[in-house]
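So the sequence shown is numbered by my numbering: it starts at 1 and just counts up by one.
Working notes, beginning with the structure itself.
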Amino acid sequence: MPRLIRLVAVLSAVGIATPALAHCHKGIGIQIGGIFIGGYKHRRHCHDVVYVPAAPVVQGQVVVQPAPVQYAYPQPPVYAPPPPPPVVVAPQYQQPVVYQQPVYTPPPIVYAQPQAVVVQKPQPARDDRPGFLALKYMPGMSTSVSIPDGDLDFGTPSFAHSPGIELRLTRWLSLRSDLEFRKDSRTWDMLGVKLSLLPRSFIKPYASVSFSGNENLSNPGKFSFGFAGAAGVDVMIGKYFFVEAEARYRMSPGNCCSEVPTLTGVIGGGVAFF
């Protein structure tokens, strides 16, 4: 009995191997193991077949694990700063070192210049002295003066006018000569001396005294002599022109050759020369 079981097992193995050899041999026959017993057999070229025994299958519960669910989240935008501008670096050139030979320069020769002598031209002295020769004309009023019984009495005033001439010897000393014409008489101051009190001022107050001769027109040809005193002021207008005001008092003859004092006030002007 055991032998029969073994035979069946061998036949089973042979039956299983037959398909594997079918693609290499063609025909009908009985083959036990690797020995061909009988039948028709056609041999052809084939390749070696490697038989790999199947792995035993373990029966059990098959657990299928689902694949993990993957969620896709939107990625936030990533800020990329702009690239910095390219920096252009100017090429640096190294200046060549030049060595100069020191040049000796002698110090300049300085010659002492003589000091310039400034000669100032002498300024001419300011000549503000009035002109030497002066001609003048002064109109005015004249009246007689009497003192009867100790009271001062003035006569009727009358028009008088007086041309004159002066020789100005210095700023303060002058010689003068004047004529005075009145209604009924006339007087000639032949020689007078005039003294200026402020010689360097353009306003010159003065005083003078003169020797005079008088003539009454009612008795022509008859003369009397006396003295005349005067006081006044000269206002110099530059070197050549002046204005003069003066009051004179003289002892002059009246009617019938009587001496009657007269008072005369005149104002006028003149021109100077030289």
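Glycine included, C-beta positions come from ideal geometry on N, C-alpha and C.
How many Å lie between residue i and residue j at the Cα?
i    : j    : result
M278 : Y206 : In the structure displayed, the chain extends from 1 to 274; residue 278 sits before or after that span and is not available.
S165 : R248 : Going by the sequence as given, residue 165 is Ile instead of Ser. Roughly 16 Å separates the two Cα atoms.
S218 : G270 : 32 Å
L191 : A116 : 58 Å
S196 : R171 : 7 Å
T262 : L135 : 24 Å
Q113 : P107 : 18 Å
F181 : G268 : 15 Å
F274 : Y111 : 55 Å
G226 : Y240 : 33 Å
F223 : F211 : 13 Å
M236 : V118 : 38 Å
G213 : T264 : 16 Å
E246 : L198 : 16 Å
Q120 : P102 : 51 Å
P220 : V209 : 26 Å
P83  : Q100 : 49 Å
I109 : Q94  : 42 Å
E244 : G155 : 25 Å
P86  : P77  : 26 Å
Can you look up residue i in the DSSP assignment and give me helix, strand or coil?
i    : result
D178 : strand
D153 : strand
T264 : strand
S201 : coil
W172 : coil
P163 : strand
S146 : strand
G270 : strand
L139 : The sequence as given places Pro at residue 139; Leu does not occur at that position. Correct three-state label for P139: strand.
R129 : coil
S218 : coil
Y104 : coil
A134 : strand
A116 : coil
Y111 : coil
Should residue i be labelled buried (16 or more other beta-carbon atoms within 10 Å of its own) or exposed?
i    : result
A80  : exposed
V266 : buried
R129 : exposed
F242 : buried
S146 : exposed
G238 : exposed
A153 : For clarity, residue 153 is Asp in the given sequence; the question names Ala instead. Counting Cβ neighbours within 10 Å, D153 comes out exposed, since fewer than 16 surround it.
D184 : exposed
I35  : Low per-residue confidence applies at I35: pLDDT is 48, beneath 50, and the placement is therefore not dependable enough to give any value.
A272 : buried
R200 : exposed
A231 : exposed
D332 : Shown here, the chain extends from 1 to 274; a query on residue 332 therefore has no answer.
D151 : exposed
T105 : exposed
D234 : buried
Pull up the CB-CB distance for residue i and residue j, whole angstroms please, since I reckon it's below 8 Å.
i    : j    : result
R186 : E215 : 6 Å
A228 : D189 : 6 Å
R176 : K194 : 5 Å
P122 : T143 : In fact, because the Cβ distance is near 55 Å, the residues do not count as touching under 8 Å.
F202 : R168 : The pair is not a contact, with the Cβ atoms about 14 Å apart (cut-off 8 Å).
M138 : S162 : 5 Å
Looking at the strands, I want to know which residues DSSP matches up with residue i.
i    : result
P77  : Paired residues: none, contrary to the question.
K194 : S174, S208
T187 : E180, N214
I237 : F241
Does any heavy atom of the ligand MG sit closer than 8 Å to the C-beta of residue i?
i    : result
P163 : The model depicted lacks the ligand MG and carries no ligand whatsoever.
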